[in-house]
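Peer 1: Residue numbers for the sequence shown follow our numbering, beginning at 2 and rising by one. We put the CB at the ideal spot given by N, CA and C, even for glycine. Let me give you the structure first, and then I'll get to my questions.
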Amino acid sequence: MTITRAFDAGVRSPVPRQAHVLLGRADALLSESIGESDAGDRFLGSYAAALKGAAAVLASLPNSIGARPRSRSAWVLMAKAAPELAVWADYFASFSAIRAAVEAGASSTIADLDADDFYRHVSRFLNSVEDRLGGQSRFASVDPMAAPLSA
């Protein structure tokens, strides 16, 4: 079978192990974050999990030979490399300033309900990443279409 035929038949190349390792780390970070009593800590843990999820997506793609990417933002890189996840990239990028504020000590920047909502969105994102990598969902009870994405 030629490469073209394999592509036309929908045969995908195997996903690098590192992508699955990163997704596992993202899942662990998200699980840890829900136990945080402080909304800022819950938010930061969830955000870190989302970043690991983006890293898993990027690790699943073939290495491109060429110039160094202009942006180092995981969200920009993911949107370019996996356009089907651009909505997620835009959503998480919209929280970058909040992340910086919380890291700087402005814990009042995010409310409990907002941190919980963000956690749920990260869970849906990681489910999408896992589906993209071809794994069986660990988040089967989460309905990715249950709520609109908003910042």
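Can you list, in chain order, the residues of its chain whose CB lies under 8 Å from that of residue 16, leaving out five sequence neighbours each side?
Peer 2: Correct list, in chain order: 61, 134 and 135.
Peer 1: Indicate whether residue 45 and residue 75 have their beta-carbon atoms separated by less than 8 Å.
Peer 2: Not a contact, by the Cβ cut-off of 8 Å.
Peer 1: Check for me: the alpha helix (DSSP H) holding residue 111 runs from which residue to which?
Peer 2: That residue, residue 111, is in no alpha helix (DSSP H); it is neither H nor E in DSSP.
Peer 1: Closest to residue 33 by C-alpha separation, out of 23, 49 and 21, would be which residue?
Peer 2: Measuring from the Cα of residue 33, the nearest candidate turns out to be 49.
Peer 1: Is the beta carbon of residue 123 closer than 8 Å to that of residue 31?
Peer 2: Cβ distance < 8 Å, so residue 31 and residue 123 count as in contact.
Peer 1: Hey, is residue 114 close to the ligand FAD, as in C-beta under 7 Å from one of its heavy atoms?
Peer 2: Although the ligand FAD was asked about, the structure shown includes no ligands whatsoever.
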